[in-house]
Amino acid sequence: MLIAKNKRKENIAEYVLYMWQIEDLLRALNFDGDSIFRTLVEPLNVSEDKKQEVFFWYMGIINILKEEKKEISGHNYHSLHIVRELNDVHLYLLKKDSRYNSLFLAAQGDIDLFREKSSKNSNDIEIAFDALYAKLLLKMKHEQISDETSAAFDRITSLIAYLSAKFHRFEHGEEEMKFDTDETS
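In terms of our numbering, the sequence shown is residues 3 to 187.
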């Protein structure tokens, strides 16, 4: 919860990936409250009140996953909604930002290849997040990543980093998404 709050404020992509990791971690702990408390909450160097708050936050995520029938796999609707919002910004930036367009063109083949391998029919940004999450899991397992795959992950990471920075600027009013009048009608 503490890390999630900071990531949500600072980097939306890291927040989404972190929340996906939390979902899988809770599944690995079989949604067992005692295991969650011992493993995730007890080691925290915070007050007992804060530990209880963190514990209830984890239990809230479990409730959401159960309500959404995602006990085995999948991501909660909240994080998928954020990914859809990021896809909306992605579509906007493709029309308005030449630097973003270049980053997307550099990563597009990698995203398409990952889509083929995953047999998932989702938007480009969700596929990009799936790829970055796969990279995270591979690193956690200490698995070798080929130079070619590493380069593909780097291109996708550059795209998502730029997208996240723009999302942050739009969300905080530092920049505006400006639509041509004929685009909104």
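For glycine and all other residues, C-beta sits at the position ideal for the given N, C-alpha and C.
Since residue i and residue j should fall inside the 8 Å C-beta cutoff, what is the C-beta to C-beta distance between them, to a whole number of angstroms?
{"i": "M179", "j": "Y94", "result": "6 Å"}
{"i": "V18", "j": "I64", "result": "19 Å between Cβ atoms; not a contact."}
{"i": "A6", "j": "S166", "result": "The pair is not a contact, with the Cβ atoms about 15 Å apart (cut-off 8 Å)."}
{"i": "F116", "j": "I129", "result": "6 Å"}
{"i": "Y20", "j": "K9", "result": "5 Å"}
{"i": "L96", "j": "N89", "result": "Not confirmed; about 11 Å, so no contact."}
{"i": "H77", "j": "E44", "result": "Not quite, the Cβ-Cβ distance comes to about 27 Å (not below 8 Å), so this is no contact."}
Nearest CA to the CA of residue i: which residue from the options?
{"i": "D114", "options": "L138, I74, S100 and R157", "result": "R157"}
{"i": "L67", "options": "L27, L42, F181 and N13", "result": "L27"}
{"i": "M142", "options": "Q23, I14, A109 and A6", "result": "Q23"}
{"i": "D99", "options": "Y20, A15, L161 and K11", "result": "L161"}
{"i": "A153", "options": "R29, N89, E69 and G111", "result": "G111"}
{"i": "V91", "options": "H170, K9, E176 and M61", "result": "H170"}
{"i": "M61", "options": "L82, N32 and N13", "result": "N32"}
{"i": "R86", "options": "E177, E25, S124 and R40", "result": "S124"}
{"i": "A200", "options": "K53, E69 and Y164", "result": "Since the displayed the chain opens at 3 and closes at 187, residue 200 lies outside it and no answer follows."}
{"i": "L138", "options": "S121, K122 and T159", "result": "T159"}
{"i": "E73", "options": "F181, A30 and E173", "result": "A30"}
How would you label residue i, buried or exposed, when you count the other beta carbons within 10 angstroms and need 16 or more for buried?
{"i": "K119", "result": "exposed"}
{"i": "R101", "result": "exposed"}
{"i": "V48", "result": "exposed"}
{"i": "F155", "result": "buried"}
{"i": "H144", "result": "exposed"}
{"i": "G175", "result": "exposed"}
{"i": "K71", "result": "exposed"}
{"i": "K168", "result": "buried"}
{"i": "L105", "result": "buried"}
{"i": "S187", "result": "Residue confidence for S187 is low, a pLDDT of 44 falling below 50, so the modelled location carries little weight; the figure read from the coordinates is stated next. Exposed, since its Cβ has fewer than 16 Cβ neighbours within 10 Å."}
Touch test, the stretch 128 to 147 against the stretch 44 to 58, Cβ-Cβ under 8 Å, three pairs minimum: no
Any 3 or more C-beta pairs closer than 8 Å across the stretch 139 to 156 and the stretch 34 to 45: no
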